[in-house]
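K.L.:
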Amino acid sequence: MNSDTTLGLFYTIIRPEEKWILEAAAARGLQVERLADDEITFPLERNGFKSDVVLNRSVSHTRSLYALRFFEHYGVPTVNPYDVVSLCGDKILASLALQKAGVPTPRTIVALTPEAALRALDEVGYPAVLKPPIGSWGRLMAKVDDREEAEQIIEHKAALASPMHSVFYVQEFVPKPERDLRALVVGDEVVAAMYRQSSDWRTNAARGAETVALHPTPEMEELVHQAARAVGGGVLAVDLMEAPDGLVVHEVNPTPEFKALTAATGVEIAAKILDFTLEKVAR
Amino acid sequence: MTQCPECEANLQLNDMIAGEIFSCTDCGVELEVSSAQPFAVAIAPKEQEDWGE
Chain A
0 MNSDTTLGLF YTIIRPEEKW ILEAAAARGL QVERLADDEI TFPLERNGFK SDVVLNRSVS
60 HTRSLYALRF FEHYGVPTVN PYDVVSLCGD KILASLALQK AGVPTPRTIV ALTPEAALRA
120 LDEVGYPAVL KPPIGSWGRL MAKVDDREEA EQIIEHKAAL ASPMHSVFYV QEFVPKPERD
180 LRALVVGDEV VAAMYRQSSD WRTNAARGAE TVALHPTPEM EELVHQAARA VGGGVLAVDL
240 MEAPDGLVVH EVNPTPEFKA LTAATGVEIA AKILDFTLEK VAR
Chain B
0 MTQCPECEAN LQLNDMIAGE IFSCTDCGVE LEVSSAQPFA VAIAPKEQED WGE
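Residue numbers (numbering that gives the first Met the number 0), protein chains in the order written: chain A, 0 to 282; chain B, 0 to 52.
1) For residue 20 of chain B versus residue 20 of chain A, is the C-beta spacing smaller than 8 Å?
2) Using a Cβ cut-off of 9 Å, which residues of the stretch 34 to 46 of chain B contact any Cβ in chain A, in chain order?
3) Does DSSP put residue 214 of chain A in a helix, in a strand, or in coil?
4) Compute the beta-carbon to beta-carbon distance between residue 354 of chain A and residue 14 of chain A, rounded to the nearest angstrom, for a pair I have assumed lies under 8 Å.
5) Buried or exposed for residue 256 of chain A, please, with buried defined as at least 16 other CB atoms from any protein chain shown within 10 angstroms of its CB.
6) To the nearest angstrom, how far is the alpha carbon of residue 35 of chain B from that of residue 22 of chain B?
7) State buried or exposed for residue 252 of chain A, treating a residue as buried only when at least 16 other CB atoms are found within 10 Å of its CB.
8) Could you pull the start and end residues of the alpha helix (DSSP H) that residue 98 of chain A belongs to?
9) Using 8 Å for Cβ pairs, my map puts residue 6 of chain A next to residue 50 of chain A. What's the rounded Cβ distance?
10) Is the shortest distance between the beta-carbon of residue 267 of chain A and the beta-carbons of chain B less than 8 Å?
11) Relative to the C-alpha of residue 88 of chain A, which candidate in A:235, A:33, A:280 has its C-alpha closest?
12) Pull up the distance between the alpha-carbon of residue 213 of chain A and that of residue 191 of chain A, whole angstroms please.
13) I need the straight-line Cα distance from residue 180 of chain A to residue 241 of chain A, nearest angstrom please.
14) Just to check my reading of the structure: residue 169 of chain A and residue 107 of chain A have Cβ atoms closer than 8 Å, yes? What is that Cβ distance to the nearest angstrom?
15) Please list, in chain order, all residues of the same chain as residue 24 of chain B whose beta carbon is under 8 Å from its beta carbon, the five residues on each side excluded.
16) Please confirm whether residue 128 of chain A has its beta-carbon closer than 8 Å to some beta-carbon of chain B.
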């Protein structure tokens, strides 16, 4: 690795995470090609594209998927690769991969129509959680306490324009303490982990949850690695809950935010992600 | 120095880079640095349905 290497940073907006990555790149003497996802255009043949490796930091799932396909088509390695992002970005596909790998996850049933969603909720039992298959930050998720509420929420969701709101990801409500756990994996290493505490059942840091560093137990660490491997590995944030029978993985995020995790742990996560990305450059 | 497009507050920020997101200190609206030199800002892109981590 040397200063001849050009890092492509594919992004939507520059948050502290992206700024730290750019600072870490500057500290390593790297050239950076900034690839704003609302400006870049993609010819079918590589033309004038300088990057030796691309780090995807776009917050848009749709833009990420097409862009990663193009970068790979141009022969450029990406972090994370298309296959990992497409799998993790869709909760249904991610749940299938986790289940296949034997990773404990909350009980989940998928339904493709509002009518079937009601049956799925009855099967899972109340309270249950309804999630959109794509999207995050806890948006448009609903905790459903009984059938009457289910009918109302499903009617509202079915009225939303996107067909994705007529696909219903129904999950058991896990009676957990008022916190969940997040671990960030970079390649073979769990680089940092924290509790996210909130009296809201959604413990996303983006929703204002308090964050506290934690040292993963060997059990948690093994589970995190298992979940990361199940989706193809790379830079991943694995979210876990403390269910009555032990830890369960409920989400694996392929383009994780890490501002709160950096603040809670003091770990230089941006530098670790950058170094992992640079290892992907073809030698 | 530039003005917030929402509330016209004077904004003077240092060490900002193009694309960076910040909140207007007066009205709190989310802004994006559209240019670092000269310093210019625009309303930040609106969160879309498929956005997330």
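Each residue gets a CB set at the ideal place from its N, CA and C atoms; glycine is no exception. Just so you know, these numbers come straight off a predicted model, no measurement behind them.
P.N.:
On the basis of the data shown:
1) In this structure, residue 20 of chain A does not lie closer than 8 Å to residue 20 of chain B by Cβ.
2) 43, 44, 46
3) coil
4) There is simply no residue 354 of chain A to check, as chain A begins at 0 and stops at 282 in what is shown.
5) buried
6) Between residue 35 of chain B and residue 22 of chain B, the C-alpha separation is close to 16 Å.
7) Residue 252 of chain A counts as buried, since at least 16 other C-beta atoms from the protein chains shown sit within 10 angstroms of its C-beta.
8) 90 to 99
9) 7 Å
10) no
11) A:235
12) 8 Å
13) 8 Å
14) 7 Å
15) 8, 10
16) no
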